[in-house]
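Trainee: Sharing a structure below in structure tokens format, with a few things to ask.
In mature numbering (1 follows the signal peptide of the UniProt record, and there is no 0), the protein residues as written are -28 to -1, 1 to 340.
Okay, here's the thing in structure tokens:
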């Protein structure tokens, strides 16, 4: 039979062991990564040799994910669980580097036609072209616009004054805008626009993306980075984020409503070090970064796109989907991030530890 001091030792040992191991597994503020597709065999649920340095991702409400593979020069399609849709669309390359698709959007308008019908998906490229695809194009997108000297690294679509435009971020230092007939209207309708009056020398647009009803532009330079907000006419609204933990930011997304401590917050992906940062979407305050279950930051080298969805085959509505050009942008990952869910056994162990600790405190009070 246990004596009082033996019970005390037992209670102490129980709560110490349970509480010591609990943080390793029970982290309500952590996130779990699942690799859905990779060109590296064994690294993900699905292996696809085409997934080489995947940048942008686009989709309609019901379509698969369309992933722009810069190093492979094509776009591949996957459902939300990583299953391959058997269509590979080639994006025409240039004769000399740099080349390959970067940004991509789903065309949500009746303009931007390929042939006689509206395009479905549009891409911009490192060789300064805008290419588009619909079913009439077969397995090769059609080049619809070319800007000599441009190096496109991001693409968005939005409306201004009742018209729909494409907005392409160029590493040459500006945002190029195209109307629905593929005309470059940067110097006419958008002259002097997309200008941050306090942007330091040496920083250029890296990505542009629709967030809410406005356009967010990320900037990359020698160190750090910036994120700005503009209206769809190109008027500067405010600086969202600067310096701090930013390191060549590219990916942008508002997190799902069920995404742990960062639910509904603005997530910013660092291409430079692979980390994901969170900001308050109202105050722009920095909230922290996404950690894995081990308490260390989640890192994917050469991180590109961050995306969420509200539907589609196999889609996890509570996940943030991402792409990364691992192995120095030679290989690729398409995956998902979700809030870490504690295992039932872990919850029981932690609860047992807390109960034991409470009993020990009660006994201590009674004896004092």
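Where is the CB? At the ideal position from N, CA and C, for every residue including glycine.
Using a Cβ-Cβ cut-off of 6 Å (strictly less than) and excluding sequence neighbours within five positions of residue 129, which residues of its own chain qualify?
Mentor: Translated into positions along the chain shown, residue 129 becomes position 157. Excluding sequence neighbours, residue 129 sits near 77 and 138.
Trainee: Just to confirm the assignment, what range does the beta strand (DSSP E) spanning residue 248 have?
Mentor: Counting from 1 along the chain shown, the entry for residue 248 is found at position 276. Start and end: 248 to 251.
Trainee: Hey, is the segment 100 to 117 in contact with the segment 58 to 72, meaning 3+ C-beta pairs nearer than 8 Å?
Mentor: Contact holds: three or more Cβ-Cβ distances are below 8 Å.
Trainee: Could you check what DSSP says for residue 317 in three-state terms: helix, strand or coil?
Mentor: Counting from one through the chain shown, the residue named residue 317 turns up at place 345. Confidence is the limiting factor: at residue 317 the pLDDT is only 44, short of 50, which leaves the residue's position unreliable, though a coordinate-based value still follows. Residue state, collapsed to three classes: helix.
Trainee: Using a threshold of 8 Å, state whether the C-beta atoms of residue 198 and residue 220 are closer than that.
Mentor: If you number the chain shown from 1, residue 198 lands on position 226. If you number the chain shown from 1, residue 220 lands on position 248. No, these two residues do not count as a Cβ contact at 8 Å.
Trainee: If I measure Cβ to Cβ from residue 165 and keep anything under 6 Å in the same chain, skipping five residues before and after, which residues do I get?
Mentor: Counted from its first residue, the chain shown places residue 165 at position 193. Contacts found: 206.
Trainee: Hey, quick one: how far does the beta strand (DSSP E) through residue 114 stretch, first residue to last?
Mentor: Walking along the chain shown from the start, residue 114 turns up at place 142. First-last of the beta strand (DSSP E) with residue 114: 114 to 118.
Trainee: Using 8 Å as the threshold, is the C-beta distance between residue 224 and residue 188 below it?
Mentor: Here residue 224 refers to the residue found at position 252 of the chain shown. Here residue 188 refers to the residue found at position 216 of the chain shown. Yes, the pair counts as a contact, with Cβ atoms nearer than the cut-off.
Trainee: Closer than 7 Å: is that where the CB of residue 41 sits relative to any heavy atom of the ligand MG?
Mentor: The ligand content of the structure shown is nil, which means the ligand MG is not present either.
Trainee: In this structure, how does DSSP classify residue 141 when only helix, strand and coil are distinguished?
Mentor: Counting from one through the chain shown, the residue named residue 141 turns up at place 169. Here residue 141 sits in strand by DSSP.
Trainee: Are there three or more Cβ pairs, one per stretch, closer than 8 Å when the segment 39 to 56 is compared with the segment 78 to 89?
Mentor: Because the criterion of three Cβ pairs below 8 Å is not met, the segment 39 to 56 and the segment 78 to 89 do not touch.
Trainee: Thinking just about the alpha-carbon of each residue, which of 14, 291, 234 and 260 is nearest to the one in residue 304?
Mentor: Here residue 304 corresponds to residue number 332 of the chain shown, with the count starting at 1. The residue with the shortest Cα to Cα distance from residue 304 is 14.
Trainee: For residue 201, tell me which candidate among 124, 106, 254 and 275 has the shortest Cα-Cα distance.
Mentor: On the chain shown, residue 201 is found 229 positions in, with the first residue counted as 1. Checking every option, the nearest Cα to that of residue 201 belongs to 254.
Trainee: What's the C-alpha gap between residue 17 and residue 180?
Mentor: To locate residue 17, count along the chain shown from 1; it is residue 45. To locate residue 180, count along the chain shown from 1; it is residue 208. Each residue's Cα considered, the two are about 30 Å apart.
Trainee: Using a 10 Å radius around the Cβ and a threshold of 16 neighbouring Cβ atoms, would you call residue 358 buried or exposed?
Mentor: Only positions -28 to 340 of the chain appear in this structure, which leaves residue 358 out of reach.
Trainee: Of the choices 228, 211, 24 and 141, whose alpha-carbon is the least far from that of residue 47?
Mentor: What you label residue 47 is simply residue 75 of the chain shown in a count that begins at 1. Per the Cα distances, 24.
Trainee: Between the Cα of residue 105 and those of 71, 30 and 156, spot the shortest distance and give me the residue it belongs to.
Mentor: Working through the chain shown from its first residue, we reach residue 105 at position 133. Here the closest residue by C-alpha is 30.
Trainee: Pick out the complete alpha helix (DSSP H) segments inside the segment 253 to 316, 4 residues or longer, and give them in chain order.
Mentor: Whole alpha helix (DSSP H) segments, 4+ residues: 298 to 301.
Trainee: Please check if any C-beta of chain D sits within less than 8 Å of the C-beta of residue 244.
Mentor: The displayed structure is made up of one protein chain only, and chain D is not part of it.
Trainee: Return the residue from the list 310, 297 and 313 that minimises the CA-CA distance to residue 9.
Mentor: Here residue 9 refers to the residue found at position 37 of the chain shown. Of the listed residues, the one whose Cα sits closest to residue 9 is 297.
Trainee: Can you give me the C-alpha to C-alpha distance between residue 96 and residue 74, rounded to a whole angstrom?
Mentor: Position 124 of the chain shown, counted from the start, is the residue given in the question as residue 96. Position 102 of the chain shown, counted from the start, is the residue given in the question as residue 74. The straight-line gap from Cα to Cα measures roughly 6 Å.
Trainee: Counting C-beta neighbours from all protein chains within 10 Å, is the total for residue 268 16 or more, i.e. buried, or is it exposed?
Mentor: Position 296 of the chain shown, counted from the first residue, corresponds to residue 268. It counts as exposed.
Trainee: If we ignore side chains and look at the alpha-carbon of each, how far apart do residue 116 and residue 153 end up?
Mentor: To locate residue 116, count along the chain shown from 1; it is residue 144. To locate residue 153, count along the chain shown from 1; it is residue 181. So the two alpha carbons sit approximately 9 Å from each other.
Trainee: Which residue marks the beginning of the beta strand (DSSP E) containing residue 191, and which one marks its end?
Mentor: If you number the chain shown from 1, residue 191 lands on position 219. It spans 186 to 192 - the beta strand (DSSP E) in which residue 191 sits, taken as one unbroken run.
Trainee: Just to check my reading of the structure: residue 141 and residue 169 have Cβ atoms closer than 8 Å, yes? What is that Cβ distance to the nearest angstrom?
Mentor: Here residue 141 corresponds to residue number 169 of the chain shown, with the count starting at 1. Here residue 169 corresponds to residue number 197 of the chain shown, with the count starting at 1. Not a contact, Cβ separation roughly 19 Å.
Trainee: Do residue 292 and residue 280 have their C-beta atoms closer together than 8 Å?
Mentor: Within the chain shown, residue 292 is the residue found at index 320, counting from 1. Within the chain shown, residue 280 is the residue found at index 308, counting from 1. Yes, Cβ-Cβ distance for residue 292 and residue 280 is below 8 Å.
Trainee: For residue 301, which residues from the same chain have a beta carbon less than 6 Å from its beta carbon, with the 5 sequence-adjacent residues on both sides left out?
Mentor: What you label residue 301 is simply residue 329 of the chain shown in a count that begins at 1. Contacts found: 25 and 274.
Trainee: Please list, in chain order, all residues of the same chain as residue 234 whose beta carbon is under 6 Å from its beta carbon, the five residues on each side excluded.
Mentor: Counting from 1 along the chain shown, the entry for residue 234 is found at position 262. Cβ within range, chain order: 227 and 250.
Trainee: Would residue 145 be called buried (16 or more neighbouring beta carbons within 10 Å of its own) or exposed?
Mentor: Here the question's residue 145 lines up with position 173 in the chain shown. Exposed, because fewer than 16 other Cβ atoms sit within 10 Å of the Cβ of residue 145.
Trainee: Distance, Cα to Cα, residue 246 vs residue 135?
Mentor: Translated into positions along the chain shown, residue 246 becomes position 274. Translated into positions along the chain shown, residue 135 becomes position 163. Those two C-alpha atoms are separated by around 36 Å.
Trainee: State buried or exposed for residue 159, treating a residue as buried only when at least 16 other CB atoms are found within 10 Å of its CB.
Mentor: For the purposes of this step, residue 159 is taken as the residue at position 187 of the chain shown. By the 10 Å Cβ count, residue 159 comes out exposed.
Trainee: What residues in its chain sit with their C-beta under 8 Å from that of residue 33, if we drop five residues either side in the sequence?
Mentor: Within the chain shown, numbered from 1, the residue matching residue 33 stands at position 61. Once the five neighbours on either side are set aside, the close Cβ partners of residue 33 are 282, 283 and 284.
Trainee: Using the C-alpha atoms, what's the distance from residue 212 back to residue 240?
Mentor: Position 268 of the chain shown, counting from 1, holds the residue named residue 240. Position 240 of the chain shown, counting from 1, holds the residue named residue 212. Cα to Cα, residue 240 sits roughly 11 Å from residue 212.
Trainee: Does the Cβ-Cβ distance between residue 215 and residue 194 come in under 8 Å?
Mentor: Looking up residue 215 in the chain shown gives position 243. Looking up residue 194 in the chain shown gives position 222. No, the Cβ-Cβ distance between residue 215 and residue 194 is not below 8 Å.
Trainee: Looking at the secondary structure, which residues open and close the beta strand (DSSP E) in which residue 58 lies?
Mentor: By 1-based counting over the chain shown, the position of residue 58 is 86. Unbroken beta strand (DSSP E) run through residue 58: 56 to 62.
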